[in-house]
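Let me begin by presenting the structure, written as structure tokens, before commenting on it.
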Amino acid sequence: MPTFVFEAMGTVGSVATHTPLNDAASAEIRAIFAEWEDRFSLYRPGSELCRINRRETLMTKASAPMRNVFERAHEWSERTGGAFTPYRADGSLDLNGIVKALTIHEAGLVLSRHDHHDWCFNMGGDVLTAGVDHHNSKTRPWTVGIVDPDDRLALLSQFECSDAKPAVATSGNRERGEHIWRTTDSGPRFCQVTVAAASIEIADVLATTILAGGVPQLNACTDFFDIDVLAAAEGGQLFATAAFRA
Amino acid sequence: MDKRAMTLTAAAASVGVLGIGLAVGLSSRDDDFSRTASTPTPPATKTTPSKSTPKPSGSTRTSATPSSSANTGSASSTSSDTNESSQTTDSVQTTADKTAPANVPTRVTTTQPAPNVAPTTRDGGSGGLRDGRYTGRTSTHRYGSVTVTATISGGKLTQLTENATANDTKSEQYNSRAIPVLKKSALAAGNANIATVSGATYTSQAYLSSLQSALDQAA
Chain X
1 MPTFVFEAMG TVGSVATHTP LNDAASAEIR AIFAEWEDRF SLYRPGSELC
51 RINRRETLMT KASAPMRNVF ERAHEWSERT GGAFTPYRAD GSLDLNGIVK
101 ALTIHEAGLV LSRHDHHDWC FNMGGDVLTA GVDHHNSKTR PWTVGIVDPD
151 DRLALLSQFE CSDAKPAVAT SGNRERGEHI WRTTDSGPRF CQVTVAAASI
201 EIADVLATTI LAGGVPQLNA CTDFFDIDVL AAAEGGQLFA TAAFRA
Chain A
1001 MDKRAMTLTA AAASVGVLGI GLAVGLSSRD DDFSRTASTP TPPATKTTPS
1051 KSTPKPSGST RTSATPSSSA NTGSASSTSS DTNESSQTTD SVQTTADKTA
1101 PANVPTRVTT TQPAPNVAPT TRDGGSGGLR DGRYTGRTST HRYGSVTVTA
1151 TISGGKLTQL TENATANDTK SEQYNSRAIP VLKKSALAAG NANIATVSGA
1201 TYTSQAYLSS LQSALDQAA
């Protein structure tokens, strides 16, 4: 399949489509990532989020996209009982737990607008799909392999995407160091959590939530949300919903 | 946090837009009404939402269902209507009828405060609640939904009705749980060809050595 590869948000995106993306579509996708990164980056001192954290801009005077994402992050905080939080330990605002997913969603809308109906968008390991995979003149569901956290070149399992669950996101603490604050000491510690869900936003937020919240959050999230989960604990133990079990 | 706590929180949020002390009635409806009656306490402390109660700002959106937020995708547009609905009870009533659950109700719980124990208003008394029945947004969870209706009579909250629906069986709930499995069981679940790979966020540098780059070349 033709694949468009680009760099953004400190990682790599690849977009596999049935027919090649035209230049306009790929330019739009780059532009969306650039715009969201400009606004929400914590590494660019001039970003709107950095200005807010320096108190140079008030949230009440912030741009509509900023306020919308801020509100959305708080909504997720409520829905996860505070396990997902848009704040760092020092109290500064960090919306990165949700920004990448929302950007992927926006980019997916670009593909639809350009009449692409079968595609797979992988942004640094977070995957959003649409339609089916055209493979050797046949079609099959988009199938996502899940990396083994103990052996990055091996797979732990896989997930077949569907219209009901087109998105798969994985949170872990290996490649970028321990960047997620744990909210529980109960039970085994997860080192990697994969969530498949109806949207990349749900998948990404809940993968982060479960990684931070351990088994209690795993149970709460699988009770409350229609998701599939594969969670790897330190020491090699796995927790899996039906889709990830043989 | 169990499912019930979450649905109640969501329900409290959807009714909370009425202002006043409805949150008190909801969060403590099983046993606290009598306690409130026997030991009147200053309204300021009694009506402060408990820790688990969402803050008023933005709390009305707690009742959004997972699927609806999935479709909304981009953080769109509801901050303004949140503000409006928290100021006028009329808009609450409007949303009520639209969001009536499609499922057959399986359980209806009614809570009736003791006659002399109407919750105080947030400012200590003078706030007027308009009489009528107000139905909050339906809060949907994986196995059903909850809709709370509040009845105001004589300016006071007189009745809360919780309409809960269930659309799945107990065994299905159990099956949705993530259970401990052996690695070989997970590996056995993955035996077909894959199109892409999901792993913890990899950096641009690591990408070159990652499995996905190989897949991109093979695509």
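If you read the protein sequences in the order shown, they are chains X and A.
Our numbering applies: residue 1 is where the first sequence begins, and numbers increase by one.
Our numbering applies: residue 1001 is where the second sequence begins, and numbers increase by one.
Ideal Cβ positions, reconstructed from N, Cα and C, are used throughout, including at glycine.
Check: Going straight from the alpha carbon of residue 220 of chain X to that of residue 84 of chain X, what length do you get?
Finding: Each residue's alpha carbon lies about 13 Å from the other.
Notebook entry, point to check: Whose C-alpha, out of X:33, X:54, X:101, X:222, is nearest the C-alpha of residue 73 of chain X?
Noted result: X:101
Next item on the list: Give every residue of the same chain whose Cβ lies closer than 6 Å to the Cβ of residue 199 of chain X, excluding the five residues on either side of it in the sequence, and list them in chain order.
Entry: 167
Notebook entry, point to check: Going by DSSP, which residues form a beta bridge with residue 160 of chain X?
Noted result: X:143
Note to self: Spatial neighbours of residue 53 of chain X within its chain, please: C-beta separation below 7 Å, excluding the five flanking residues on both sides.
What the structure shows: 92, 93
Notebook entry, point to check: Which residue or residues does DSSP assign as beta-bridge partners of residue 7 of chain X?
Noted result: X:12
Next item on the list: Return helix, strand or coil for residue 208 of chain X, following the three-state DSSP convention.
Entry: Helix, per DSSP.
Item checked: Contacts that residue 1152 of chain A makes with chain X (C-beta to C-beta distance below 9 Å) -> Neighbours of residue 1152 of chain A on chain X: none; closest Cβ ~26 Å, over 9 Å.
Next item on the list: Would you tell me roughly how many angstroms separate the C-alpha atoms of residue 223 of chain X and residue 241 of chain X, rounded to the nearest one?
Entry: 11 Å
Margin query: Restricting to Cα atoms, I'd like to know which of X:13, X:17, X:170, X:131 is closest to residue 201 of chain X.
Written below: Nearest of X:13, X:17, X:170, X:131 to residue 201 of chain X, Cα basis: X:170.
Note to self: Assuming the contact rule is C-beta atoms closer than 8 Å, residue 48 of chain X and residue 66 of chain X should be a hit. Round their C-beta distance to whole Å, please.
What the structure shows: 6 Å
Checklist line | Cβ pair count under 8 Å reaching 3, the segment 25-34 of chain X against the segment 107-125 of chain X | finding: Between the segment 25-34 of chain X and the segment 107-125 of chain X, the count of C-beta pairs closer than 8 Å reaches three or more; the two stretches touch.
Notebook entry, point to check: So which residues of chain X does residue 1136 of chain A contact, with C-beta pairs closer than 7 Å?
Noted result: None at all; the shortest Cβ gap to chain X is about 15 Å.
Check: In chain A, which residues lie less than 7 Å from residue 189 of chain X when you measure between Cβ atoms?
Finding: Residues of chain A passing the Cβ test: none, with the nearest at roughly 14 Å.
Notebook entry, point to check: residue 16 of chain X: which of X:10, X:8, X:151, X:26 sits nearest, CA to CA?
Noted result: X:26
Checklist line | Start-to-end residues for the alpha helix (DSSP H) that takes in residue 127 of chain X | finding: Counting along the chain, residue 127 of chain X sits inside no alpha helix (DSSP H); it lies in the beta strand (DSSP E) bounded by residues 126-130.
Notebook entry, point to check: For the candidate residues X:63, X:90, X:146, X:97, whose alpha-carbon lies nearest to that of residue 75 of chain X?
Noted result: X:97
Margin query: Checking 8 Å against the spacing of the C-beta atoms, do residue 244 of chain X and residue 228 of chain X come in under that value?
Written below: Here residue 244 of chain X is near residue 228 of chain X, since their CB atoms are less than 8 Å apart.
Check: Where does residue 56 of chain X sit, in a helix, a strand or coil, going by DSSP?
Finding: coil
Next item on the list: Would you please verify whether the beta carbon of residue 1149 of chain A is less than 8 Å from any beta carbon of chain X?
Entry: no
Next item on the list: Measure the Cβ-Cβ separation of residue 122 of chain X and residue 41 of chain X and say whether it is below 8 Å.
Entry: no
Check: Which stretch, first to last residue, makes up the alpha helix (DSSP H) that contains residue 1185 of chain A?
Finding: 1183-1189
Item checked: chain A residues whose Cβ lies nearer than 7 Å to that of residue 246 of chain X -> 1185, 1188, 1189
Check: Across which residues does DSSP place residue 1133 of chain A in a beta bridge pair?
Finding: A:1151
Checklist line | Extent of the continuous alpha helix (DSSP H) to which residue 230 of chain X belongs | finding: Segment 228-233 is the beta strand (DSSP E) holding residue 230 of chain X; no alpha helix (DSSP H) there.
Note to self: I'd like to know whether the C-beta of residue 231 of chain X is nearer than 8 Å to at least one C-beta of chain A.
What the structure shows: yes
Notebook entry, point to check: At least one CB of chain X closer than 8 Å to the CB of residue 1196 of chain A: is that the case?
Noted result: Yes, its Cβ sits closer than 8 Å to a Cβ of chain X.
Check: Distance, Cα to Cα, residue 141 of chain X vs residue 46 of chain X?
Finding: 42 Å
Check: Just reading off the alpha helix (DSSP H) that residue 74 of chain X is part of, what are its end residues?
Finding: From DSSP, the alpha helix (DSSP H) with residue 74 of chain X extends over 64-79.
Item checked: Opening and closing residue of the beta strand (DSSP E) in which residue 116 of chain X lies -> Careful: residue 116 of chain X lies outside any beta strand (DSSP E) and carries neither H nor E.
Notebook entry, point to check: Which chain A residues sit within Cβ distance under 8 Å of residue 157 of chain X?
Noted result: Result: 1186, 1187, 1189, 1190.
Notebook entry, point to check: If you draw a straight line from the alpha carbon of residue 103 of chain X to that of residue 1132 of chain A, how long is it in whole angstroms?
Noted result: 43 Å
Margin query: Within 8 Å of any Cβ in chain A, is that where the Cβ of residue 208 of chain X sits?
Written below: no
Notebook entry, point to check: Are the Cβ atoms of residue 1186 of chain A and residue 230 of chain X separated by less than 8 Å?
Noted result: Yes; because the gap between Cβ atoms is below 8 Å, this pair is in contact.
Item checked: is_contact[residue 247 of chain X, chain A] using C-beta, thresh 8 Å -> Given a span of 1 to 246 for chain X in the structure shown, any question on residue 247 of chain X remains unanswerable.
Checklist line | C-alpha distance - residue 128 of chain X paired with residue 164 of chain X, whole-angstrom precision | finding: 12 Å
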